[in-house]
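2 protein chains.
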Amino acid sequence: MSVSAGAVSHERLCAWAYLSAVVEPPAPASYGFVAVHGAEIAADRIRSGNVPGAVVNETAARREHVCGAELLERAHRSGIRLVTPEHGEWPGSRSAFLEGATEVGLSGLAAPMALWCRGNVSPEAVSRSAVAVVGARAATGYGESCAAELGYELARSGTTVVSGAAYGIDGAAHRGALAAGGATAAILACGPELDYPAGHARLIARIAENGLVCSEYPPGTPPRKHRFLVRNRLIAAVTDGTVVVEAGLRSGAGNTATTTDTLGLPVMAVPGPVTSANSSGCHELIRSGKAVLVTGAPDVLELVSDIGTARAPEREPTPRPTDELDEVSKRVHDSLSPTRRRTVEQLVHETGITRKSVVTCLSALEISGFVRCDDRGWTRCDQ
Amino acid sequence: MSVSAGAVSHERLCAWAYLSAVVEPPAPASYGFVAVHGAEIAADRIRSGNVPGAVVNETAARREHVCGAELLERAHRSGIRLVTPEHGEWPGSRSAFLEGATEVGLSGLAAPMALWCRGNVSPEAVSRSAVAVVGARAATGYGESCAAELGYELARSGTTVVSGAAYGIDGAAHRGALAAGGATAAILACGPELDYPAGHARLIARIAENGLVCSEYPPGTPPRKHRFLVRNRLIAAVTDGTVVVEAGLRSGAGNTATTTDTLGLPVMAVPGPVTSANSSGCHELIRSGKAVLVTGAPDVLELVSDIGTARAPEREPTPRPTDELDEVSKRVHDSLSPTRRRTVEQLVHETGITRKSVVTCLSALEISGFVRCDDRGWTRCDQ
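First to last, the sequence lines map onto chains S and P.
The number in the working numbering is simply the position in the first sequence, starting from 1, with 660 added.
The number in the working numbering is simply the position in the second sequence, starting from 1, with 660 added.
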């Protein structure tokens, strides 16, 4: 499908709107049909039923009932624009992930026909540097605080935080990114004007004001269980990797993680208390090797960056002054007390080190200020 | 070094006691010297200084000051027996791990000369099926509860819980095993009669009554920092694997984990909140691939068992009745409400599935009791 930056005619946009609504995604056969024939011819032929059997199966149910112009009008009233593969805004390189997956026979991962968008940021800009942060709706306080912290730190580093606007982890990740004044994008499983879930209407509005709210479902499409799973493939494909913050053993986040892995992108998971059922999905992903354990944004950025561009800071413990001592000197130092004096003979017996070595060690330790002696014996200087 | 089950003469036991006290472990040269010449000849030659240079370095400091008979007498008064490589009680196959490590040049991992033991269980019996549970002294309530639970469940499964009797994770693991009425063993970094730390005197006595308290250090040896690190190699070598429950970035538990890994045995770590510094060592072990994430005893038993003898129960989420439905039937089921009736035409448009398929699905779903219909339309039966 050719990508050009120019404007798309109203007729052609109507054809794209029709195509986006006539199918229930994923629709691999129709997607391929449009790629071959172009939007307008494909729309005409689908409307008249003059299409191959696989396309009939994906389009027969709605072909006579959808009107592209009406959908565009409705979208326009809600401040929603339609972004198609012909727009410069299209996340072409990321949508290619899904095209590749479809070509190897993963038809459930077909690319979206088009994207209905709210907000000034383009899907293409979002996809340039983005991380998905996903997880349980019924999250714990611990999970929400991890998600908010991750959202904040990722956004602060210039990474777009992509999630699904759900309660729990999704909402906390979006809020963290907004708090950092950074970019965040919500991909919905219903029409982008629907503010689902209702309790997140204000949050979704803020995301649209500062980033992007988008959906492959046209205005008016209600959320349905299977649409969340279908939507999850877009969250995985548009980002450079997926972080699961909290998830039970059976979860939508686990589904996003599987898709991320199928697409060859890094899957990450945040650990938590082993006593928390909300972390059991994360632990299973890590234990089975499907996800890499991450404890914060530096770990995530290291994994999603090209090699060498971002390295998590080394987790070096604080050095101690005695670190530089050799094993024998450490043993002598160790056998001294800060208060009770010890003779060389006592140290020889205590350490099991020869008299000559003990004397040599003590001299070197005294010069470095680790030990001191007076006429009654040796003591340790605590530093 | 030959292993026989018979009694060892008092003279020879005195030689072993002398050898165990004359060196500061690890003492690879002396260990090798004893293996070649036998305990009595080796002891005589060490006492007179008639030994190779490497053995001189390990023995010159104490060779004139140690008396094996006195040590045995002192041990006897404290209810401590000396177990040597000549006893049937010797954990021969496990001590071989350390001999192997020494042979490949890891002289810091030399096998112990002998073991001073309190309690009726033999080191050999301990080593038959044992897991090390180790971690921070300044543990959190979360860590202690994980360690106690692990200790309890491992002991209940017939596995000996081995640790170092320290405050925090060690103590909790021993207590868990004792609570299960199972076997537990403490390996100390000081003379085995010393009840270190003092606050664990009662716990150590209970371990000795129900299991084993042992040390390579003869009675009277005080604990020293380096002795804890040296002791840790025995905890690693005598067990089938090491679980780190809580550890900071710099910890003795991390040292035990490294030794376990060097010996080719499984290293496991329990995750925790990413906000807890006490879990950061565990997370780093998992993240770097040095340890496998474990959430409880079933995970541990699966990893330390011979393949196939113990499998962690599958973490299968609870199945739902709709799991058996195909994707198309799920989509139809999903679009129905338990209360509001829908017509076939509404379902066709809502799902994007052809009329023929919708009707076929509805019939099958009705027979299975998933949906019902009356003259006004179709509803979902919630199960």
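Virtual Cβ for every residue (Gly too), placed ideally from N, Cα, C.
Since the model is a prediction, treat every value here as computed from it, not as a measurement.
Open item on the list: So for I864(S), helix, strand or coil by DSSP?
Closed with: helix
Open item on the list: At the 8 Å Cβ level, is V1019(P) part of the contact set with chain S, yes or no?
Closed with: no
Open item on the list: For chain P, check one thing: does any of its Cβ atoms lie closer than 8 Å to the Cβ of N717(S)?
Closed with: yes
Task: Residue of E733(P), P686(P), G739(P) and L889(P) minimising C-alpha distance to G768(P) - done: P686(P)
- [ ] Using a cut-off of 9 Å between C-beta atoms, extract the partners of K950(P) located in chain S.
- [x] Under the 9 Å cutoff, chain S gives no residues; its nearest Cβ is about 12 Å from K950(P).
- [ ] Please go through the same chain and pick out, in chain order, the residues whose beta-carbon is closer than 8 Å to the beta-carbon of L673(P), but skip the five residues on each side of it.
- [x] G728, L732, L742 and T744
Task: For A703(P) and H670(P), the rounded distance between their alpha carbons - done: 14 Å
- [ ] Measure the alpha-carbon distance for T982(P) versus R1000(P) and round it to whole angstroms.
- [x] 20 Å
Open item on the list: Contact criterion: CB-CB distance below 8 Å. Does P783(P) meet it with respect to chain S?
Closed with: no
Open item on the list: Residues of chain S with CB closer than 9 Å to the CB of P998(P), please, in chain order.
Closed with: Within chain S, no residue comes near P998(P); the closest Cβ sits about 14 Å away, beyond 9 Å.
Open item on the list: Closest to T820(P) by C-alpha separation, out of A799(P), A846(P) and R991(P), would be which residue?
Closed with: A846(P)
- [ ] Compute the beta-carbon to beta-carbon distance between H943(S) and V934(S), rounded to the nearest angstrom, for a pair I have assumed lies under 8 Å.
- [x] 7 Å
TODO: Report yes or no: is there a C-beta of chain P within less than 8 Å of the C-beta of D921(S)?
DONE: no
Task: Chain-ordered chain P contacts of A826(S) [CB-CB under 8 Å] - done: None at all; the shortest Cβ gap to chain P is about 17 Å.
Open item on the list: Whether or not the segment 884-900 of chain S and the segment 858-865 of chain S are in contact is what I'm after, with contact meaning three or more pairs of Cβ atoms, one per stretch, closer than 8 Å; do they touch?
Closed with: no
Task: alpha helix (DSSP H) segment containing D1034(P), residue limits - done: From DSSP, D1034(P) is part of no alpha helix (DSSP H) but of the beta strand (DSSP E) over V1031 to D1034.
- [ ] Compare the C-beta of M928(P) with all C-beta atoms of chain S and state if any pair is closer than 8 Å.
- [x] no
- [ ] Give the straight-line distance between the Cα atoms of V663(S) and H747(S), rounded to the nearest whole angstrom.
- [x] Caution applies to V663(S), whose pLDDT of 41 falls short of 50 and renders its modelled position unreliable; the value that the coordinates give is listed next. Cα to Cα, V663(S) sits roughly 7 Å from H747(S).
Open item on the list: Taking a contact to mean a Cβ-Cβ separation below 8 Å, would you say R816(P) touches A840(P) in this structure?
Closed with: yes
Task: C1041(P) versus A699(S): straight-line alpha-carbon distance, rounded - done: 41 Å
Open item on the list: Rounded to the nearest angstrom, what separates F1030(P) and V1019(P) at their Cα positions?
Closed with: 14 Å
Task: Minimum C-alpha distance to E730(S) - residue among A957(S), S680(S), H697(S) and G828(S) - done: S680(S)
Open item on the list: Less than 8 Å between CB atoms is the rule here; does R1015(P) satisfy it with respect to chain S?
Closed with: yes
- [ ] Could you name the residues of chain S that D1042(P) contacts, counting a contact when the two beta carbons are closer than 9 Å?
- [x] Under the 9 Å cutoff, chain S gives no residues; its nearest Cβ is about 13 Å from D1042(P).
Open item on the list: Between which two residues does the alpha helix (DSSP H) holding I847(P) run?
Closed with: Not the alpha helix (DSSP H): I847(P) falls in the beta strand (DSSP E), residues T844 to I847.
- [ ] Pick helix, strand or coil for C874(P), following the three-state DSSP scheme.
- [x] strand
- [ ] With DSSP collapsed to three states, give me the class of C727(P).
- [x] coil
- [ ] Could you tell me whether any Cβ in chain S is nearer than 8 Å to the Cβ of R797(P)?
- [x] no
Task: Through-space distance from A913(S) to N938(S), alpha-carbon basis - done: 11 Å
TODO: Consult DSSP for C1021(P) and reduce its assignment to one of helix, strand or coil.
DONE: helix
TODO: Indicate whether at least one CB of chain B lies closer than 8 Å to the CB of C777(P).
DONE: Given the protein chain composition of this structure (S and P), no chain B is represented.
Open item on the list: Can you tell me whether G968(S) is buried or exposed? The criterion is at least 16 other CB atoms within 10 Å of its CB, across all chains shown.
Closed with: Because the pLDDT at G968(S) is just 46, under 50, the model does not fix this residue reliably, and the value given afterwards should be weighed accordingly. The residue is exposed, with fewer than 16 neighbouring Cβ atoms inside 10 Å.
- [ ] Indicate the three-state DSSP secondary structure (helix, strand or coil) for V930(S) in the structure shown.
- [x] coil
Open item on the list: Measuring straight from C-alpha to C-alpha, what distance separates R893(S) and T916(S)?
Closed with: 6 Å
Task: Residue nearest to H886(P) in terms of C-alpha spacing, selected from E784(P), E684(P) and F757(P) - done: E684(P)
Open item on the list: If you measure between the beta carbons of L1007(S) and S1023(S), is that distance less than 8 Å?
Closed with: no
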